[in-house]
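K.L.:
I have a structure I would like to understand better, so I am pasting it below and will then ask my questions one at a time.
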Amino acid sequence: MQKLSRFLMRCFVLMVVIGLLVWLGQRPVFTLKQIQIEPVAGQTLKHINKAMVKRQIAETVQGNFFSVRLEDVKRGFESMPWVRHANVRRVWPNGLIVSIEEQQAFGTWDGSDSNTLINKYGELFAGRVSEIGDGARLIDFHGPDDAGKEVMSLYEKANNWFKPWGAEVTSLALTERYAWHIKLSNGMKVEFGRDEESSDKNLTEERVARLFKYWPQVQEKWANRIDAVDLRYANGFAVHLASASLKKNDVDGKKSELKQ
Numbered sequence: 290m291q292k293l294s295r296f297l298m299r300c301f302v303l304m305v306v307i308g309l310l311v312w313l314g315q316r317p318v319f320t321l322k323q324i325q326i327e328p329v330a331g332q333t334l335k336h337i338n339k340a341m342v343k344r345q346i347a348e349t350v351q352g353n354f355f356s357v358r359l360e361d362v363k364r365g366f367e368s369m370p371w372v373r374h375a376n377v378r379r380v381w382p383n384g385l386i387v388s389i390e391e392q393q394a395f396g397t398w399d400g401s402d403s404n405t406l407i408n409k410y411g412e413l414f415a416g417r418v419s420e421i422g423d424g425a426r427l428i429d430f431h432g433p434d435d436a437g438k439e440v441m442s443l444y445e446k447a448n449n450w451f452k453p454w455g456a457e458v459t460s461l462a463l464t465e466r467y468a469w470h471i472k473l474s475n476g477m478k479v480e481f482g483r484d485e486e487s488s489d490k491n492l493t494e495e496r497v498a499r500l501f502k503y504w505p506q507v508q509e510k511w512a513n514r515i516d517a518v519d520l521r522y523a524n525g526f527a528v529h530l531a532s533a534s535l536k537k538n539d540v541d542g543k544k545s546e547l548k549q
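Just so we're aligned, residue 290 is where the sequence shown starts under our numbering, counting upward by one.
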C-alpha cells in the first residue's frame, strides 16, 4: 500500500507539473510578437522586402514560442522568391530570428524574358532580369529544366579551357540530346557534340587540345575571319568563316593538314 501511495503521489505531482507548464506556455507573454530578419554573414538583402515578408509570415505562423514548428517557418521562407536558404531560431520569450541566404543570380535561363534565373550552384529560381542592377553581368544559359547543375559544370569547364584565348563564356546551350555549344566574349561560337557518344570521358578535352594545337596554323591562313568552330569531328574540327566566299574549312588533327 505504501508503494502504491508513493506511486500515485508521484503521478499526481507529475500531472500538476505538466498542467502548470501547459498553462504557462499558453500565457500571452509567449505569443510570438517579434520576427527579426537578417542576412547570412557576408550578404546584404537586396531583393527581399523585410516588412512585407514579416507581415506574410506573421499571418501564417501557428503556435507560440514553445509550440511553433521551426521547420514549417523555414519552409515558408524558402518558398518565397529570392530566398535560397533560411535558418530559424527562437528568441526568448516571444521572438524568432530568421537568417536568410538570398539568391545571387549568375545567369538567365532560356532567355531574359523567361522569369527564371540560375545561381552559381546550378539551381534555378524565379526572378526577373529587371530586378537586378544594370551593372550585373549575367551569363545566358539554355537547357532542360533538370539540367541546371550539369550546365553549370560545363560552363566552368569551358571557361577554363578558353582562358588561353583571353576569352570567357557568355552563353551556353544544352540540347535535349545533351549536345552543347557556347559563345565566347570574343564573339566566337564553339560547337560540341555529346561525350556520351564515346566511352572516353576526356573526348571533349582532347578535341579542345587539338583545336589549340593547330589554331596558330588556322590563324595564319584566315586571321580573324573565323566566327565559329565545330568540334564534333572525330579526327579534326571545322571552322566557319564570316566571309561569304568561303564558308567552311577542315583541319585534320592527325595529319596537321589544312583542307578547304
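Ideal Cβ placement from N, Cα and C applies to all residues, glycine included.
Which residues in the same chain have their Cβ closer than 6 angstroms to the Cβ of residue 556, if we skip the five residues on either side of it in sequence?
P.N.:
Lying before the first or after the last residue shown, residue 556 is absent from the chain, which here runs from 290 to 549.
K.L.:
Cα-Cα, which of 459, 494 and 478 is closest to residue 527?
P.N.:
The shortest C-alpha separation from residue 527 is found at 478.
K.L.:
Residues in the same chain with beta-carbon distance under 8 angstroms from residue 536, minus the five sequence neighbours each way, listed in chain order, please.
P.N.:
Its pLDDT being 42, under 50, residue 536 is placed unreliably by the model, and nothing is read from it.
K.L.:
Let me know the secondary structure DSSP gives residue 492 once reduced to three states.
P.N.:
Correct three-state label for residue 492: helix.
K.L.:
Grab the span of the beta strand (DSSP E) containing residue 437 for me, first residue to last.
P.N.:
Per DSSP, residue 437 belongs to no beta strand (DSSP E); it is in the alpha helix (DSSP H), 437-450.
K.L.:
Would you list the one or two residues that DSSP bridges to residue 338?
P.N.:
Residue 338 is not bridged to any residue.
K.L.:
Where does residue 515 sit, in a helix, a strand or coil, going by DSSP?
P.N.:
The answer is strand: DSSP assigns residue 515 an E or B state.
K.L.:
Since residue 325 sits in a beta bridge, which residues does DSSP pair it with?
P.N.:
Bridge partners of residue 325: 386.
K.L.:
Do you know how far the Cα of residue 348 is from the Cα of residue 445?
P.N.:
Approximately 43 angstroms between the Cα atoms of the pair.
K.L.:
What first and last residue would you give for the alpha helix (DSSP H) that runs through residue 473?
P.N.:
Note, residue 473: premise wrong, no alpha helix (DSSP H); beta strand (DSSP E) at 469-473.
K.L.:
So what does residue 408 bridge to, in DSSP terms?
P.N.:
Answer is 394, bridged to residue 408.
K.L.:
Starting from residue 478, follow its DSSP beta bridges and name the residues at the other end.
P.N.:
472 and 517.
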